[in-house]
Amino acid sequence: MSTLAKRARTNSTESDAIGQPRKIPRLEDADVSGDRVADSPEATESRAMGRTLNVIGTSGNASVTMFAGDYIVYPTAVQYHNKKREIHTWLKAPDTSVSYNAARKKHQAGTGSWFLDGSRFSQWKERPGSVLWLYGGPGCGKTILCSSAIESVIDFCKLLPSARGYAYIFFDGTMAQSDTIDYIKFTRSIIKQLSSRCGTMIPDALIEMYHACDDGDCQPSESQLERTLLRVLETFESTYILIDSLDECVEKADLLGWIQNVTSVSSGRLHLMLTSRPEPDIEHGVGSLSSVDKIQIGDETMTGDISAYLDARLQSAVMVKWKEPEKREIKRTLVDGSGGMFRWVVLQMDDVKKCFNKAELFLRLKTLPRGLDEAYAKIFERSEHKKALIILLQWLVFSERPMTVEILAEVLAVDFHANAGPIYKPDMRCERPADIMRICYGLITEFQGTVKLAHFSVKEYFITHITNEQFSHSVIAQTCLAQLLRFDKSGALDENLPGSSDKVLVRINTSFPLAQYAAVNWVSHFHRCGGSSADYPHLHQLIVKVFASPSTTWSHALLSWVRLLNLAITDDGSLRYKDNLLGRTLRSYKNARELPLDASPLYYASFAGSVQAVQCLISDGANVNSVGSESSTRPLLKASEEGHLEIARLLLEKEVNVNVMGGTYGTALQAACARGHLELATLLLDKGANVDVVGGEYGTALQAACAGDHLELATLLLDKGANVDVVGGKYSTALQAACARGHLELATLLLDKGANVDVVGGDYGTALQAACARGHLELATLLLDKGANVDVVGGRFGTALQAASAGGHLELATLLLDKGANVDVAGEAYGTALQAACGGGHLELATRLLDKGADVDAGGGAYGTALQAACSGGHLELATLLLDKKADVDVVGGYYGTALQAACAKGHRELATLLLDKCANVDVVGGEYVTALQAACAKGHRELATLLLDKGADTDVVGGGYGTALQAACEGGHLELATLLLDKGADVDVEGGGYGTALLAACAGGHLELATLLLDKGADVDAGGGAYGTALQAACAR
């Protein structure tokens, strides 16, 4: 098929393209929860494609051709890179290199050699499936040692970058709340790091997860991340993961569970190294692993490192005043007293260097503190600015995001003892921000502009002996509010001065370093210290002041607060997607992209959750039914969503409309039920809330309660007369919601109340399909016992059997078949149950389906046939089974056209050989790449291309986005492949595809050697065609 590239316009962007050309039916099965069609390589891959696409963007970085009446976009190497960067940004993985670089900066040359040069570390690097656990007490230097191991592993992996991958993580209890790495962030980080080691390629598992999350419109669930990580770990022949300070992980139990699971299911490619304190739960979790090698870091192992560190410090310029006898005494005393604690030695050396005569030196050496706690106690005792020191540490321990010296200097500018309550006083500001480091000397450190605690043990001591969390949050909240009240006058922020929002924000952050932090985080600190019920009168006084204007107008402080929030939202788009108050609020708006300035002060008082502010505003005559341009800005909706019971009660006492509509959840009752607020829902129902109003994300309050597994709430709603079968929302019915989320008790309750088991609608079509998709055997059994129709068609999977087969749920599939399920009913994403099973690599399940008479050649779905599904996923045994069952090797259909093209596109040589041995036609035309040869060349699989050519593949078949195999090879920069094709007689000037000719493809990609080769082979330099017109235009466009 000959095609000519044409130009056209589109609203699409280059970011739409990923890995494959853009023209393929989309699988219409979006699920904003992040869980959708189970691991289906090509089905999910196709979700990047729209139903139709009429060409490219205008940058010139993509090619386009028309195929079967549709223009198709073909991504270039630049777009591969851009798409990879886009997916990595969507992952929101923490940057672990910052911690690594900070640790390397502290590393003293010559330390750690006892471990790095030892046989146990070398054996760990070489032995597949090995686990190495280094453990020791606080301050023994585990993090620095781990950073040295990481450096060694990086160098080791660089020797064979295509075969060895690595990733690392530093759990750091000294980080700000926003930077703290939890279990979810851990999985995101490891996935991203390993993906980054893959060059320009993106791991299939990551692409599939991205597509399964509506191409990045929603975030992946924990289970999706875990499944993806397991598959990404298999990308390399050897994968090295190093985890530092496991004991400082805030979700340690989850991480230990993952470690136990991954070491049991790993294929032997994984090399895992851990460091931690020897805490009982870690000893039990890690110590029970069969292949673990345990190394204790103690006095004996650390003596050499401490000695090397002291030698270096004693040779520094500041110690030149001491002669060798004094230096020997310093070293001996500190080594003997260290107990293997590197951190203790560092603190003592900081003290020793301040001594100005021998008497003071020897007195200091004789009165050394015993252990870290005594060392920290001495620092606090000697502090000349103890109050300032405590306030600064409260911020560093409990702040929501990292601190700078500029912000910390502002923190000290609040007078907590003023007669009128805490107030900002500019003359109390630390004039020289660098003095912050002097006030907190020995307890904090600065790296790349960020100030943090010097060690996790500082935080432990501070919380145990100096302050408590609730009080500290109250101090921070009061400081933030005092800062905002600084702007309680017209034009205080100068935000209306000329300039873009980012320039305005830079100006504000320069003039008022604490302002943005205060605006974004004061509400969080307010609730962390106990909220409206907290016994901090000055705190409540400050909040009321923010709202203290007549209720129909805004105070200047309130206006400044909301404007600062909106500047922050404009600056950081990710705030919209965070699972916090601000993120939930922004997502509730239909049109607004920021907080509306036409909402009432009462709405913002409800947003903040301050009972005292709401009382004040209502007393001043505020309209409780007020609403801005966004329907969700009704005070009752926000109070109900956030669970502010007393605020809701105040509003209802003033006869607010209890059934008002708007926002994410439609009604106040649905909002309360979705978020699990039982008392609030009870209050709303007592005040006359309509239990069956339809609207919002979950359709009804009952469906919302069932989706959230809130049994008491669902019981309450049913007792109040809720209709169990009202249809609406993402799950269509409450029963489907309960089944999709795996809530057996709730499903039983609904069925006992007469729920219709076969209502069709929503994401999963039926409750039975929902249960099967999620692998809930007991639920499926319950539904079938209640008479569920096993073959109802609908939803994302089509049938319950397809849903079970896609997920590899053998027992469920067997149950459905035993109940008479039709094995060949056609569905949506996968075409048939057999295709679904084969796409996921579920051999036993596929065997069961075939034994039940499944049609081996039934078509449909993204794969076209079961054989293509198996070949796309690289499942050799499955393909062999299907061929033994007489599968037609040359059936055309689905994404790749044929099974052979699928195997070649994915680089599965054994599968391609099997198919060819079964007489697959090497030149069958169809699918994404038109021929198997073009697929192999587009993906750079030289051995596969050689195999196909040896089997007689035609080098000059024209069709598809690349036109010819030669053009495909040239676009990807595959010099050896292009040489092979030309040696096999490929016509250098065949026209077709998005680029027109092979020469244009090479020039568009910037491949000089390839262009030279083609010209040497007689390529016509002036041949026109494709998106660029001529080779010269293509080269210039790049």
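Take the sequence shown: its letter number 797 is residue 790 in the numbering used here, and every next letter is one higher. Heads up, the beta-carbon is just placed ideally off N, CA and C, and yes, glycines get one too.
Per DSSP, the unbroken alpha helix (DSSP H) holding ALA95 starts and ends at 90 to 99.
For LYS151, no beta strand (DSSP E) run applies; the uninterrupted alpha helix (DSSP H) run containing it begins and ends at 135 to 151, by DSSP.
Only residues of its own chain outside the window of five on either side were considered, and among them HIS466, ILE469, ALA470 and CYS473 have a CB closer than 7 Å to the CB of HIS518, listed in chain order. If you draw a straight line from the Cα of VAL923 to the Cα of ARG935, it is about 18 Å long.
Burial check for ALA305: the Cβ neighbour count within 10 Å stays below 16, so the residue is exposed. Counting only runs of at least 4 residues, the stretch 258 to 284 fully encloses the following alpha helix (DSSP H) elements, listed from N- to C-terminal order: 273 to 280. According to the DSSP assignment, TRP547 belongs to no alpha helix (DSSP H), since it is labelled neither H nor E. Excluding the 5 residues flanking it on each side, LYS346 has same chain C-beta neighbours closer than 7 Å at VAL311 and MET312, in chain order. Per DSSP, TRP315 lies in no alpha helix (DSSP H) and is assigned neither H nor E. For LYS944, the closest of ASP910, ALA931 and LEU970 by C-alpha to C-alpha distance is ASP910. Relative to the Cα of ARG580, the nearest Cα in the group ILE275, SER625, VAL555 and HIS549 belongs to SER625. Scanning its chain for C-beta atoms nearer than 6 Å, with the 5 sequence neighbours on each side dropped, one finds around ARG479 the residues TYR417, in chain order.
In this model, LYS118 and SER92 are separated by some 23 Å (Cα to Cα). Comparing alpha carbon positions, the residue from LYS380, GLU424, ARG425 and PRO395 closest to ASP408 is LYS380. With respect to the 9 Å criterion, GLY834 and GLY867 are classified as neighbours on the basis of their beta carbons. Measuring C-alpha to C-alpha distances from GLU984 to each of ALA995, ALA1016 and LEU974 identifies ALA1016 as the nearest.
Collapsing the DSSP output to three states places MET334 in coil. Residue state for PHE391 is assigned as helix, using DSSP reduced to three classes. Under the three-state reduction of DSSP output, GLU690 falls in the coil class, being neither helix nor strand. Under the three-state reduction of DSSP, LYS445 is assigned to strand. Cβ-Cβ separation between PHE349 and ILE299: approximately 25 Å, too far for a contact (criterion under 8 Å). Separation of ILE290 and LEU127 (C-alpha to C-alpha, rounded to the nearest whole angstrom) is 7 Å. Here CYS864 is buried, its C-beta having at least 16 other C-beta atoms within 10 Å. Taken through DSSP and simplified to helix, strand or coil, LYS287 comes out as strand. Nearest neighbour of ALA601 by Cα position, chosen from SER633, GLU353, ALA806 and LYS571, turns out to be SER633. Under DSSP, GLY787 takes part in a beta bridge, and its partners are GLY791. Beyond the five residues adjoining it in sequence on each side, ASN584 comes within less than 8 Å, by CB distance, of SER622 and GLU623 in the same chain, given in chain order.
Secondary structure note for ILE234: its beta strand (DSSP E) is the uninterrupted segment 231 to 237. In chain order, ALA512 and LEU588 place their CB closer than 6 Å to the CB of LEU558, counting only its own chain and leaving out the 5 sequence neighbours on each side. By the C-beta criterion, the stretch 359 to 374 is judged not to be in contact with the stretch 397 to 407, since fewer than 3 inter-stretch pairs fall below 8 Å. By a beta-carbon distance limit of 8 Å, GLY659 contacts GLY689. Their separation comes to about 3 Å. Pairing CYS930 with LEU959 gives a Cβ-Cβ distance under 9 Å.
Residue range 661 to 667 is occupied by the alpha helix (DSSP H) that includes ALA664. One alpha carbon belongs to THR825, the other to ALA508, and they sit about 58 Å apart. For the pair VAL918 and GLY956, the CB atoms are not nearer than the 9 Å cut-off.
Of all alpha-carbon atoms in LEU1008, ILE147, LYS185 and ARG190, the one lying nearest the alpha-carbon of CYS963 is that of LEU1008.
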